[in-house]
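> Just passing along the structure, written as C-alpha cells.
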Amino acid sequence: MILTAPLAALGRWVLAALASVGRVTLFALDALSHILRPPFYPREFLNALMNIGWFSLPVVGLTAIFTGGALALQIYAGGQRFSAEAVVPQIVAIGMVRELGPVLVGLMVAARVTSSIAAEIATMKVTEQIDALVTLSTHPMKYLTAPRVLAGLITVPVLVGVGDVIGIWGGFLVGTGQLGFAPGTYIKNTWDFLEMADVVSSLVKGAAFGGIATVMGCYHGMQSGRGAQGVGRATKTSVAAAAVLILAANFLLTNLFFTS
Amino acid sequence: MIELNDVHKHFGPKTVLHGVNLTIPKGESMVVIGGSGTGKSVLLKCILGLMTPDAGTILLDGQDVARAERDAFLARFGMLFQGAALFDSLPVWQNVAFRLLRGSLARPKLEAREIAIEKLRRVGLKPDVADLYPAELSGGMQKRVGLARAIAAEPEIIFFDEPTTGLDPIMAGVINELIREIVVEMGATAMTITHDMSSVRAIADKVAMLHDGIIQWTGPVAEMDASPDPYVDQFIHGRAEGPIEAVR
Ligand SMILES: Nc1ncnc2c1ncn2[C@@H]1O[C@H](COP(=O)(O)OP(=O)(O)OP(=O)(O)O)[C@@H](O)[C@H]1O
Ligand SMILES: [Mg+2]
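As they're listed, the protein sequences go chains A and B. For the first sequence, this note's numbering gives the first residue as 1, with consecutive numbering after it. For the second sequence, this note's numbering gives the first residue as 261, with consecutive numbering after it.
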C-alpha cells in the first residue's frame, strides 16, 4: 500500500495530463475547422489582427534590437578566445533567424496576447457574455476563437520576420559602432551566409507559435472558473502553458528542420 | 408551448433541480418565484440548452430541445440575463442590435441602429445612450439595455431573469407594462423570474413557485393569494416563519 500510493498518484497525474492534452488538441482542431467554415466575422478578425500584430510591434522591435546587440557582443567576446571574432555577422544572423527571433517573439506574444485573450474571454464567461452570445445565435468558437487564432497564424510569422530583421540590425549597430566591423562587409557576410531554409524555418516557427499562443488564450479563457479568481487563474495558466508549449514546439521544429 | 418533465440538475454534490414539472402554454406569461439560490436561473438555462439537465426532458412544441436544430431553436428565443451580460467591447446600440447585424436576421446597419434606438426608447432610455459603452451605464440602465436586446428581434419566446431588480419603482412599473404589452400585443410566450410581488401581479398569467428543487405550486395568478400551499403563502407575504427556513 505504502509503496503503491505514490505510483497511483503519478498514474492519476499522467492520466489527467493526457486528458488535458486531448482536450486542448480537440479544441485546436475545432478552432481550425471554424476558421474554414462560414459564417465569418471580418470585423472581429480585423480587431484581432490589430491587437495581435500591429500593437505587438513595439515590444517585438525592442526585444529584438537589444537581443541582437547583446548577441554580437557575446559572440565577439567568445570568438576572441580562439581568434574567430570575424564570424559575428554570420552567427548573429543564424542565431536570430533560426532561434532567438521566433522564440523571443513567441514568448513576447504569449506574454502580451495570450494573457489578454484569456482574461477577456474568461471575463466574458464569468459575466455570462458567452451564454448571451449563444442565445443570440452566435457560436463562441466562431465569433471569439476563430478570428483570434487565424490572426495569430498570420501575424506572428510577420512579427517574427520583423524581429529577425531588427535583431540583425541590432547586431549590425553594435558590430559596426563598437566592434569595428566595416558596414559593407557586415551586411555582405550576413546576406551570403543566410539560406532560404533558415528563413522558412523562422516563419514556420512563427506560425506555430502564433497558433499556440492564441489557442491557449482562448482555451483557458473558455475553461475559466467562476468569479474574479477564475479569471486570474485562467490568465496565469494560459501564459505558462503557452510559454512552455512554445519552447517545446521550438525544440521539435528545430529537430525537424535542422537534423537530417 | 414549453413542457418540462421531471428535470434534474446537480452541481457536484449539490442537487439544484430535483424533478421539475412545468408547462408554459403558448402566448402566456409565466412567472417563476422562489427564494434566492433555489435554481430559477438554472431552470431557464436548462431550457435554453446553456446547461444540460442530468435527467428529464424539455419539450418545445412537442419537440425535444436537446435534439432540436440549435440555430433555428435559438432564433425563436430572447433572453435577459440576471446580470444583463452586455458585450462590453460593443457600444450600447450594437448590443441591442446584435442579432440584426449578423446571421440570418441581418439587415442594413442604419436600419438596425434605428430599431435599436426604438427598443431603447421602449425601455425608457434616451437615444444618446446608444453610443455609450456598457461600462459607462448604471446597473439599472444596463439591465434595461439587456431587456432591449432580448426583445430587439421580436422573438416568440422571451425569458426575463429578474427584469426589475435594481430599478426604481417607476421604472419597474414601466418595465412591467412593457412585458405585459409584449405578451398581449406580440403574442409572445414569456417566462419571468422575479422576487418582486407587485411585478408578479402586473406580469403574470400564471405563477409557479420553485422550492427544494421542485415546483411546489403552480396556478393562475388570481388563485395565488388563496393558494393553500404553505410555501406560496409564506413567500408572497414575506414571513420569516414558515416551511421555508429563513436562516440557512
Ligand atoms: N455553473 C454553476 N456551477 C456550480 N453551481 C452553480 C452553477 N450555477 C448555479 N449554481 C448553483 O445552483 C444554485 C441555484 O442557482 P441559481 O442561479 O439558479 O439561483 P436563483 O434561483 O436564480 O437565485 P437568485 O434569485 O439569487 O438569482 C445555487 O446554489 C448556485 O450555487
Ligand atoms: Mg437567478
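Ideal Cβ positions, reconstructed from N, Cα and C, are used throughout, including at glycine.
Output the residue ranges of the alpha helix (DSSP H) runs that lie fully inside the stretch 167 to 243 of chain A and measure 4 residues or longer, sorted by chain position.
If we require 4 residues or more, the alpha helix (DSSP H) runs fully inside the stretch 167 to 243 of chain A come out as 183 to 193 and 196 to 222.
> Have a look at Thr424/B and Lys142/A and give me their C-alpha separation to the nearest angstrom.
Rounded to the nearest angstrom, the two C-alpha atoms are 33 Å apart.
> Since Lys269/B and Pro313/B should fall inside the 8 Å C-beta cutoff, what is the C-beta to C-beta distance between them, to a whole number of angstroms?
Contact holds; Cβ gap of about 5 Å.
> When you compare only the Cα positions, how much space is there between Phe347/B and Gly406/B?
Looking at the two C-alpha atoms, the distance is approximately 10 Å.
> Measure the alpha-carbon distance for His497/B versus Met484/B and round it to whole angstroms.
The alpha-carbon atoms of His497/B and Met484/B are separated by roughly 11 Å.
> Looking at the C-beta of Phe420/B, does it have a partner C-beta in chain A at a distance below 8 Å?
So, not an interface residue.
> Are the C-beta atoms of Asp30/A and some chain B residue less than 8 Å apart?
Not closer than 8 Å to any Cβ of chain B, the Cβ of Asp30/A fails to qualify, so no.
> Would you mind stating whether Phe341/B and Ala132/A have Cβ atoms separated by less than 8 Å?
Taking 8 Å as the Cβ cut-off, Phe341/B and Ala132/A qualify as a contacting pair.
> From Phe495/B, Gln494/B and Leu470/B, pick the residue whose C-alpha is nearest to that of Leu303/B; which is it?
If we check each option's Cα against that of Leu303/B, Leu470/B comes out closest.
> Anything in chain A within Cβ reach of Met401/B, meaning under 7 Å, just list it in chain order.
Within chain A, no residue comes near Met401/B; the closest Cβ sits about 16 Å away, beyond 7 Å.
> Could you check how far apart the C-beta atoms of Val105/A and Val24/A are, in whole angstroms? I think they sit under 8 Å.
With 8 Å as the limit, Val105/A and Val24/A do not qualify as a contact, their Cβ atoms being about 22 Å apart.
> Is it the case that the Cβ atoms of Thr190/A and Gln90/A are separated by a distance below 8 Å?
In contact: Thr190/A and Gln90/A (Cβ atoms closer than 8 Å).
> Say whether chain A places a C-beta atom closer than 8 Å to the C-beta of Leu360/B.
So, not an interface residue.
> Does chain B have any CB closer than 8 Å to the CB of Gln129/A?
Answer yes: the Cβ-Cβ gap between Gln129/A and chain B drops below 8 Å somewhere.
> Does the Cβ-Cβ distance between Ile262/B and Ile293/B come in under 8 Å?
Going by C-beta atoms, Ile262/B is not nearer than 8 Å to Ile293/B.
> Can you pull the DSSP bridge partners for Leu277/B?
Note: Leu277/B sits in a beta bridge opposite Lys269/B.
> I'd like the ranges of any alpha helix (DSSP H) spanning at least 4 consecutive residues and lying wholly in the stretch 334 to 402 of chain B.
List check, alpha helix (DSSP H) in window: 352 to 356, 358 to 361 and 369 to 382.
> Can a CB atom of chain B be found closer than 8 Å to the CB of Ala132/A?
Yes - at least one Cβ of chain B is within 8 Å of the one on Ala132/A.
> When you compare each of Ala376/B, Gly399/B and Pro351/B to Tyr393/B by their alpha carbons, which one comes out closest?
Considering only alpha carbons, the answer is Pro351/B.
> I'd like the span of the alpha helix (DSSP H) that includes Trp13/A, first residue to last.
Segment Thr4 to Leu36, the alpha helix (DSSP H) holding Trp13/A.
> For Phe341/B, go through chain A and note every residue whose CB falls closer than 8 Å to its CB, in chain order.
Within 8 Å Cβ-Cβ: Glu128, Asp131 and Ala132.
> Quick check: is the beta carbon of Leu370/B nearer than 8 Å to any beta carbon in chain A?
No, because no Cβ of chain A sits closer than 8 Å to the Cβ of Leu370/B.
> For a contact meaning CB atoms closer than 7 Å, what does Thr145/A contact in chain B?
By Cβ distance, chain B contributes nothing, its closest Cβ being about 15 Å from Thr145/A, past 7 Å.
> For a contact defined as C-beta to C-beta under 7 Å, what are the partners of Phe271/B on chain A?
Simply none; closest approach about 11 Å.
> Which chain B residues sit within Cβ distance under 8 Å of Leu150/A?
Chain B residues near Leu150/A: none, gap ~17 Å exceeds 8 Å.
> What's the C-alpha gap between Gly384/B and Asp30/A?
Roughly 42 Å separates the two Cα atoms.
> Please determine whether the Cβ atom of Gly309/B lies at a distance below 7 Å from any heavy atom of ligand 1.
No - ligand 1 has no heavy atom lying nearer than 7 Å to the Cβ of Gly309/B.
> Quick check: is any heavy atom of ligand 1 less than 7 Å from the C-beta of Thr145/A?
Result no, Cβ not under 7 Å from ligand 1.
> Given 8 Å as the limit, is there contact between the stretch 107 to 114 of chain A and the stretch 207 to 218 of chain A, that is, 3 or more CB pairs closer than that?
Yes: at least three Cβ pairs fall under 8 Å.
> Could you check if Ser301/B belongs to the surroundings of ligand 2, using beta carbon to heavy atom distance under 7 Å?
At least one heavy atom of ligand 2 is nearer than 7 Å to the Cβ of Ser301/B, so yes.
> Since Thr478/B sits in a beta bridge, which residues does DSSP pair it with?
Thr478/B pairs with Ala468/B.
> Under a CB-based cut-off of 8 Å, is Leu380/B close to chain A?
So no, Leu380/B is outside the interface.
> Can you name, in chain order, every residue of its own chain whose Cβ lies under 6 Å from the Cβ of Leu179/A, other than the five neighbours on each side?
Closer than 6 Å at Cβ, skipping near neighbours: Tyr76.
> Counting contacts by CB-CB distance shorter than 8 Å, is Leu319/B in contact with chain A?
Not one chain A Cβ lies under 8 Å of Leu319/B.
> Along chain B, in chain order, which residues have C-beta atoms closer than 8 Å to that of Thr138/A?
Going along chain B in sequence order, the residues near Thr138/A (Cβ under 8 Å) are Phe358, Arg362 and Gly363.
> Could you run through the stretch 327 to 338 of chain B and flag, in chain order, every residue whose CB is less than 7 Å away from some CB of chain D?
Within the model displayed, chain D is absent; protein chains A and B are what it includes.
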